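Numbering (UniProt numbering), first residue to last: 1 to 317.
Contents: one structure, followed by commentary.
The structure is reproduced here in C-alpha coordinates:
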(Lines of atoms letter the chains of each structure in order from A and count residues from 1; the text may use other names and numbers.)
(Lines give C-alpha, C1' and ligand atoms only; values in the text may rest on other atoms or scores of the structure.)
Protein backbone atom coordinates (compact mmCIF):
# COMPACT_ATOMS: atom_id res chain seq x y z
CA UNK A 1 0.00 0.00 0.00
CA UNK A 2 1.37 3.40 -1.00
CA UNK A 3 0.55 6.34 1.24
CA UNK A 4 0.94 9.84 -0.16
CA UNK A 5 1.76 12.76 2.17
CA UNK A 6 2.19 16.47 1.71
CA UNK A 7 5.27 18.14 3.21
CA UNK A 8 6.48 21.73 3.58
CA UNK A 9 9.32 22.64 1.22
CA UNK A 10 12.36 23.74 3.27
CA UNK A 11 13.30 26.32 0.66
CA UNK A 12 10.08 28.31 1.06
CA UNK A 13 8.06 29.38 4.11
CA UNK A 14 4.80 28.64 2.31
CA UNK A 15 3.45 25.12 2.13
CA UNK A 16 4.12 23.49 -1.19
CA UNK A 17 2.59 20.27 -2.39
CA UNK A 18 4.83 17.26 -2.61
CA UNK A 19 4.60 13.59 -2.12
CA UNK A 20 6.48 10.98 -0.15
CA UNK A 21 5.88 7.36 -0.89
CA UNK A 22 5.77 5.11 2.15
CA UNK A 23 5.62 1.36 1.94
CA UNK A 24 3.17 0.83 4.78
CA UNK A 25 1.60 -2.51 3.89
CA UNK A 26 4.90 -4.42 4.13
CA UNK A 27 5.58 -3.46 7.80
CA UNK A 28 5.47 -6.65 9.97
CA UNK A 29 3.02 -7.05 12.82
CA UNK A 30 2.92 -8.87 16.16
CA UNK A 31 5.79 -11.21 17.00
CA UNK A 32 7.53 -10.51 13.71
CA UNK A 33 7.66 -6.84 14.56
CA UNK A 34 9.14 -7.64 18.01
CA UNK A 35 11.75 -9.92 16.46
CA UNK A 36 12.71 -7.26 13.95
CA UNK A 37 12.96 -4.65 16.70
CA UNK A 38 15.16 -6.96 18.78
CA UNK A 39 17.41 -7.61 15.80
CA UNK A 40 17.64 -3.90 15.09
CA UNK A 41 18.51 -3.24 18.74
CA UNK A 42 21.23 -5.89 18.71
CA UNK A 43 22.64 -4.41 15.53
CA UNK A 44 22.70 -0.96 17.07
CA UNK A 45 24.53 -2.28 20.13
CA UNK A 46 27.08 -4.06 17.94
CA UNK A 47 27.58 -0.95 15.83
CA UNK A 48 27.99 1.13 18.96
CA UNK A 49 30.55 -1.28 20.38
CA UNK A 50 32.48 -1.27 17.11
CA UNK A 51 32.43 2.51 17.03
CA UNK A 52 33.64 2.70 20.62
CA UNK A 53 36.48 0.27 19.84
CA UNK A 54 37.56 2.30 16.82
CA UNK A 55 37.45 5.50 18.86
CA UNK A 56 39.52 3.85 21.60
CA UNK A 57 42.14 2.66 19.11
CA UNK A 58 42.30 6.13 17.57
CA UNK A 59 42.67 7.80 20.97
CA UNK A 60 45.29 5.23 21.97
CA UNK A 61 47.35 6.03 18.90
CA UNK A 62 47.20 9.72 19.77
CA UNK A 63 48.03 9.14 23.43
CA UNK A 64 51.11 11.03 24.54
CA UNK A 65 54.16 8.83 25.20
CA UNK A 66 54.37 10.36 28.68
CA UNK A 67 51.37 8.20 29.63
CA UNK A 68 53.01 4.93 28.52
CA UNK A 69 54.72 3.36 31.48
CA UNK A 70 54.07 -0.36 31.71
CA UNK A 71 50.30 0.21 31.90
CA UNK A 72 48.26 3.01 30.42
CA UNK A 73 47.31 5.29 33.27
CA UNK A 74 43.83 6.77 33.33
CA UNK A 75 43.79 10.47 32.70
CA UNK A 76 41.69 10.91 35.83
CA UNK A 77 44.70 9.98 37.95
CA UNK A 78 46.46 13.16 36.87
CA UNK A 79 45.48 16.09 39.07
CA UNK A 80 47.51 18.33 36.79
CA UNK A 81 48.76 16.48 33.71
CA UNK A 82 51.60 18.88 32.79
CA UNK A 83 53.38 18.23 36.10
CA UNK A 84 53.42 14.50 35.34
CA UNK A 85 54.30 14.64 31.65
CA UNK A 86 57.92 13.49 32.05
CA UNK A 87 57.98 11.62 35.33
CA UNK A 88 59.62 8.62 33.68
CA UNK A 89 62.62 10.78 32.76
CA UNK A 90 63.19 11.52 36.42
CA UNK A 91 62.81 7.95 37.64
CA UNK A 92 65.89 6.41 39.32
CA UNK A 93 68.09 4.52 36.83
CA UNK A 94 68.04 0.74 36.72
CA UNK A 95 70.72 -1.80 36.02
CA UNK A 96 70.51 -1.49 32.22
CA UNK A 97 72.02 1.34 30.17
CA UNK A 98 69.70 3.96 28.73
CA UNK A 99 69.93 4.74 25.03
CA UNK A 100 68.32 7.60 23.13
CA UNK A 101 68.00 6.76 19.44
CA UNK A 102 67.67 9.79 17.17
CA UNK A 103 66.22 8.97 13.74
CA UNK A 104 66.05 11.47 10.90
CA UNK A 105 64.52 11.86 7.46
CA UNK A 106 66.89 9.50 5.69
CA UNK A 107 65.14 6.77 3.72
CA UNK A 108 67.04 4.33 5.93
CA UNK A 109 64.71 5.26 8.81
CA UNK A 110 62.46 2.46 7.55
CA UNK A 111 64.86 0.29 9.61
CA UNK A 112 64.26 2.25 12.83
CA UNK A 113 61.64 -0.20 14.20
CA UNK A 114 64.12 -3.05 13.75
CA UNK A 115 66.97 -1.01 15.24
CA UNK A 116 64.95 0.14 18.24
CA UNK A 117 63.81 -3.40 18.99
CA UNK A 118 67.39 -4.67 18.80
CA UNK A 119 68.66 -1.93 21.13
CA UNK A 120 65.90 -2.73 23.62
CA UNK A 121 67.45 -6.17 23.95
CA UNK A 122 70.16 -4.76 26.21
CA UNK A 123 69.03 -1.24 27.12
CA UNK A 124 66.13 1.02 28.00
CA UNK A 125 65.35 2.88 24.80
CA UNK A 126 63.72 6.20 23.94
CA UNK A 127 63.41 7.20 20.30
CA UNK A 128 63.34 10.77 18.98
CA UNK A 129 61.86 11.06 15.50
CA UNK A 130 62.15 14.16 13.37
CA UNK A 131 59.02 14.88 11.33
CA UNK A 132 60.43 13.28 8.14
CA UNK A 133 61.84 10.47 10.26
CA UNK A 134 58.38 9.70 11.61
CA UNK A 135 57.04 9.32 8.07
CA UNK A 136 59.77 6.85 7.17
CA UNK A 137 59.68 4.90 10.46
CA UNK A 138 55.91 4.48 10.53
CA UNK A 139 53.97 4.91 7.29
CA UNK A 140 56.68 3.80 4.87
CA UNK A 141 58.12 1.13 7.17
CA UNK A 142 54.68 -0.44 7.59
CA UNK A 143 54.82 -1.31 3.88
CA UNK A 144 58.51 -2.19 3.88
CA UNK A 145 58.54 -4.39 7.01
CA UNK A 146 55.06 -4.70 8.59
CA UNK A 147 56.18 -7.36 11.09
CA UNK A 148 58.89 -5.03 12.42
CA UNK A 149 56.41 -2.18 12.79
CA UNK A 150 54.00 -4.46 14.64
CA UNK A 151 56.79 -5.43 17.08
CA UNK A 152 57.67 -1.74 17.45
CA UNK A 153 54.07 -0.88 18.34
CA UNK A 154 53.90 -3.74 20.85
CA UNK A 155 57.05 -2.49 22.58
CA UNK A 156 55.48 0.96 22.85
CA UNK A 157 52.18 -0.33 24.21
CA UNK A 158 54.04 -2.41 26.82
CA UNK A 159 56.04 0.62 27.98
CA UNK A 160 59.35 -0.92 26.88
CA UNK A 161 59.92 1.74 24.25
CA UNK A 162 59.03 5.41 24.14
CA UNK A 163 58.81 7.37 20.90
CA UNK A 164 58.92 11.16 20.99
CA UNK A 165 58.51 13.91 18.42
CA UNK A 166 58.70 17.69 18.30
CA UNK A 167 55.21 18.03 19.79
CA UNK A 168 56.39 16.34 22.99
CA UNK A 169 58.91 19.07 23.75
CA UNK A 170 56.38 21.64 24.97
CA UNK A 171 52.99 19.90 24.89
CA UNK A 172 51.35 20.48 28.25
CA UNK A 173 54.13 22.76 29.47
CA UNK A 174 52.71 25.34 31.91
CA UNK A 175 54.98 25.90 34.89
CA UNK A 176 58.60 27.07 34.68
CA UNK A 177 59.15 25.93 38.27
CA UNK A 178 57.63 22.46 37.89
CA UNK A 179 57.50 21.26 34.30
CA UNK A 180 60.65 19.71 32.83
CA UNK A 181 62.38 20.82 29.64
CA UNK A 182 62.32 17.57 27.73
CA UNK A 183 65.53 17.83 25.70
CA UNK A 184 67.49 18.61 28.88
CA UNK A 185 65.83 15.82 30.87
CA UNK A 186 66.55 13.39 28.04
CA UNK A 187 70.24 14.26 28.22
CA UNK A 188 70.24 13.56 31.96
CA UNK A 189 68.28 10.33 31.44
CA UNK A 190 70.44 8.84 28.68
CA UNK A 191 73.75 7.02 28.99
CA UNK A 192 74.37 6.79 25.24
CA UNK A 193 73.13 8.77 22.23
CA UNK A 194 72.78 6.98 18.90
CA UNK A 195 71.99 9.01 15.78
CA UNK A 196 71.01 6.47 13.15
CA UNK A 197 70.32 7.07 10.43
CA UNK A 198 71.70 10.60 10.29
CA UNK A 199 70.65 12.49 7.18
CA UNK A 200 72.83 15.13 5.52
CA UNK A 201 70.43 17.78 6.81
CA UNK A 202 70.63 16.72 10.45
CA UNK A 203 74.39 16.20 10.19
CA UNK A 204 74.80 19.81 9.05
CA UNK A 205 72.50 21.08 11.79
CA UNK A 206 74.34 19.24 14.56
CA UNK A 207 77.77 20.31 13.31
CA UNK A 208 76.65 23.95 13.13
CA UNK A 209 74.82 23.87 16.46
CA UNK A 210 71.33 24.43 15.04
CA UNK A 211 68.50 23.73 17.52
CA UNK A 212 65.23 23.74 15.60
CA UNK A 213 63.58 20.51 16.74
CA UNK A 214 63.64 18.06 19.64
CA UNK A 215 66.39 15.96 18.06
CA UNK A 216 68.83 18.82 17.47
CA UNK A 217 68.06 20.44 20.83
CA UNK A 218 68.81 17.13 22.54
CA UNK A 219 72.11 16.75 20.68
CA UNK A 220 73.11 20.36 21.35
CA UNK A 221 72.49 19.74 25.07
CA UNK A 222 74.36 16.41 25.01
CA UNK A 223 77.00 15.86 27.69
CA UNK A 224 80.33 15.23 25.87
CA UNK A 225 81.43 13.12 28.83
CA UNK A 226 78.93 10.50 27.60
CA UNK A 227 79.41 8.57 24.33
CA UNK A 228 77.58 9.44 21.12
CA UNK A 229 77.44 7.19 18.05
CA UNK A 230 76.45 8.59 14.66
CA UNK A 231 75.71 6.62 11.47
CA UNK A 232 75.32 8.83 8.38
CA UNK A 233 73.00 7.68 5.59
CA UNK A 234 72.49 9.73 2.44
CA UNK A 235 72.84 9.80 -1.34
CA UNK A 236 76.36 9.04 -2.61
CA UNK A 237 76.92 12.51 -4.07
CA UNK A 238 75.73 14.11 -0.82
CA UNK A 239 78.14 11.85 1.06
CA UNK A 240 81.02 12.92 -1.21
CA UNK A 241 80.22 16.63 -0.81
CA UNK A 242 83.09 18.51 0.92
CA UNK A 243 80.82 19.83 3.67
CA UNK A 244 80.01 16.27 4.74
CA UNK A 245 83.65 15.54 5.55
CA UNK A 246 83.98 18.93 7.25
CA UNK A 247 80.94 18.32 9.43
CA UNK A 248 82.06 14.80 10.35
CA UNK A 249 85.51 16.04 11.36
CA UNK A 250 83.83 18.61 13.59
CA UNK A 251 81.74 15.93 15.29
CA UNK A 252 84.77 13.67 15.70
CA UNK A 253 86.59 16.50 17.46
CA UNK A 254 83.63 16.69 19.84
CA UNK A 255 83.93 13.00 20.69
CA UNK A 256 81.35 11.44 18.36
CA UNK A 257 82.03 7.93 17.08
CA UNK A 258 81.25 7.88 13.35
CA UNK A 259 80.12 4.65 11.70
CA UNK A 260 81.05 4.81 7.98
CA UNK A 261 78.18 4.21 5.57
CA UNK A 262 77.99 1.03 3.54
CA UNK A 263 78.46 0.88 -0.22
CA UNK A 264 75.55 -0.60 -2.19
CA UNK A 265 72.71 0.25 -4.54
CA UNK A 266 70.74 2.95 -2.74
CA UNK A 267 66.98 3.48 -2.68
CA UNK A 268 67.36 6.24 -5.28
CA UNK A 269 69.04 3.81 -7.69
CA UNK A 270 72.57 5.20 -7.37
CA UNK A 271 75.39 2.81 -6.51
CA UNK A 272 78.03 3.86 -4.00
CA UNK A 273 78.60 4.87 -0.40
CA UNK A 274 75.74 6.26 1.64
CA UNK A 275 73.74 3.32 2.99
CA UNK A 276 73.09 2.81 6.68
CA UNK A 277 75.48 0.19 8.11
CA UNK A 278 73.85 -3.13 9.05
CA UNK A 279 71.59 -2.88 12.09
CA UNK A 280 73.79 -5.42 13.89
CA UNK A 281 76.81 -3.11 13.46
CA UNK A 282 74.95 -0.11 14.90
CA UNK A 283 73.75 -2.17 17.87
CA UNK A 284 77.26 -3.53 18.48
CA UNK A 285 78.68 0.01 18.48
CA UNK A 286 76.00 1.19 20.91
CA UNK A 287 76.60 -1.76 23.21
CA UNK A 288 80.34 -1.10 23.18
CA UNK A 289 79.78 2.61 23.88
CA UNK A 290 77.54 1.77 26.83
CA UNK A 291 80.29 -0.06 28.70
CA UNK A 292 81.08 1.66 31.98
CA UNK A 293 77.84 3.65 31.86
CA UNK A 294 77.36 3.44 35.64
CA UNK A 295 80.49 5.50 36.27
CA UNK A 296 79.29 8.31 34.01
CA UNK A 297 75.85 8.71 35.53
CA UNK A 298 76.97 11.31 38.04
CA UNK A 299 78.01 13.77 35.33
CA UNK A 300 75.94 16.94 35.11
CA UNK A 301 77.48 18.00 31.81
CA UNK A 302 78.67 21.30 33.25
CA UNK A 303 82.34 21.93 32.47
CA UNK A 304 82.69 18.84 30.26
CA UNK A 305 83.48 20.87 27.15
CA UNK A 306 86.21 22.79 28.92
CA UNK A 307 87.78 19.52 30.08
CA UNK A 308 87.83 18.43 26.43
CA UNK A 309 89.83 21.52 25.51
CA UNK A 310 87.02 23.79 24.29
CA UNK A 311 87.21 26.98 26.35
CA UNK A 312 84.04 28.78 27.32
CA UNK A 313 83.44 32.07 25.56
CA UNK A 314 84.31 35.17 27.58
CA UNK A 315 83.79 38.81 26.72
CA UNK A 316 86.89 40.45 25.26
CA UNK A 317 88.36 43.59 26.85
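Glycine residues also receive a C-beta, built at the ideal position from the N, C-alpha and C atoms.
Fair warning: this is a prediction, and the values are worked out from it, not measured in the lab.
Given a cut-off of 9 Å on the beta-carbon distance, is the pair residue i and residue j in contact?
{"i": "residue 194", "j": "residue 214", "result": "no"}
{"i": "residue 110", "j": "residue 161", "result": "no"}
{"i": "residue 207", "j": "residue 251", "result": "yes"}
{"i": "residue 90", "j": "residue 123", "result": "no"}
{"i": "residue 272", "j": "residue 216", "result": "no"}
If you drop the 5 nearest sequence neighbours on each side, which residues of the same chain put their C-beta closer than 8 Å to that of residue i?
{"i": "residue 149", "result": "113, 138, 141, 142"}
{"i": "residue 233", "result": "106, 107, 108, 196, 197, 198, 199, 261, 274, 275, 276"}
{"i": "residue 286", "result": "99, 119, 123, 192, 194, 229"}
{"i": "residue 315", "result": "none"}
{"i": "residue 299", "result": "223, 225, 226"}
Cβ of residue i versus every heavy atom of the ligand MG: is any distance shorter than 8 Å?
{"i": "residue 265", "result": "The ligand MG is not part of this structure, which contains no ligands at all."}
Using three-state DSSP, classify residue i as helix, strand or coil.
{"i": "residue 257", "result": "strand"}
{"i": "residue 131", "result": "helix"}
{"i": "residue 198", "result": "strand"}
{"i": "residue 109", "result": "helix"}
{"i": "residue 181", "result": "coil"}
{"i": "residue 142", "result": "helix"}
{"i": "residue 157", "result": "helix"}
{"i": "residue 265", "result": "strand"}
{"i": "residue 162", "result": "strand"}
{"i": "residue 68", "result": "Low confidence applies here, because residue 68 scores a pLDDT of 41, under 50, leaving its location unreliable and the question unanswered by this model."}
{"i": "residue 206", "result": "helix"}
{"i": "residue 289", "result": "helix"}
{"i": "residue 126", "result": "strand"}
Could you spell out the range, first to last residue, of the alpha helix (DSSP H) harbouring residue i?
{"i": "residue 113", "result": "112-119"}
{"i": "residue 221", "result": "From DSSP, residue 221 is part of no alpha helix (DSSP H); its letter is neither H nor E."}
{"i": "residue 238", "result": "236-240"}
Identify the continuous beta strand (DSSP E) that holds residue i and give its terminal residues.
{"i": "residue 99", "result": "98-103"}
{"i": "residue 273", "result": "271-275"}
{"i": "residue 228", "result": "228-232"}
If I measure Cβ to Cβ from residue i and keep anything under 7 Å in the same chain, skipping five residues before and after, which residues do I get?
{"i": "residue 312", "result": "306"}
{"i": "residue 125", "result": "99, 101, 116, 119, 161"}
{"i": "residue 247", "result": "203, 204, 207"}
{"i": "residue 166", "result": "131, 213, 214"}
If distances are taken between C-alpha atoms only, which option among the options comes closest to residue i?
{"i": "residue 133", "options": "192, 202, 285", "result": "202"}
{"i": "residue 164", "options": "136, 220, 227, 131", "result": "131"}
{"i": "residue 255", "options": "189, 218, 289, 279", "result": "289"}
{"i": "residue 281", "options": "258, 297, 294, 167", "result": "258"}
{"i": "residue 144", "options": "92, 267, 212", "result": "267"}
{"i": "residue 294", "options": "304, 279, 190", "result": "190"}
{"i": "residue 187", "options": "209, 218, 211", "result": "218"}
{"i": "residue 240", "options": "221, 270, 211", "result": "270"}
{"i": "residue 152", "options": "172, 169, 121", "result": "121"}
{"i": "residue 304", "options": "221, 210, 209", "result": "221"}
Among the residues of its own chain, which have a CB less than 6 Å from the CB of residue i, if the five just before and after it don't count?
{"i": "residue 136", "result": "109, 110"}
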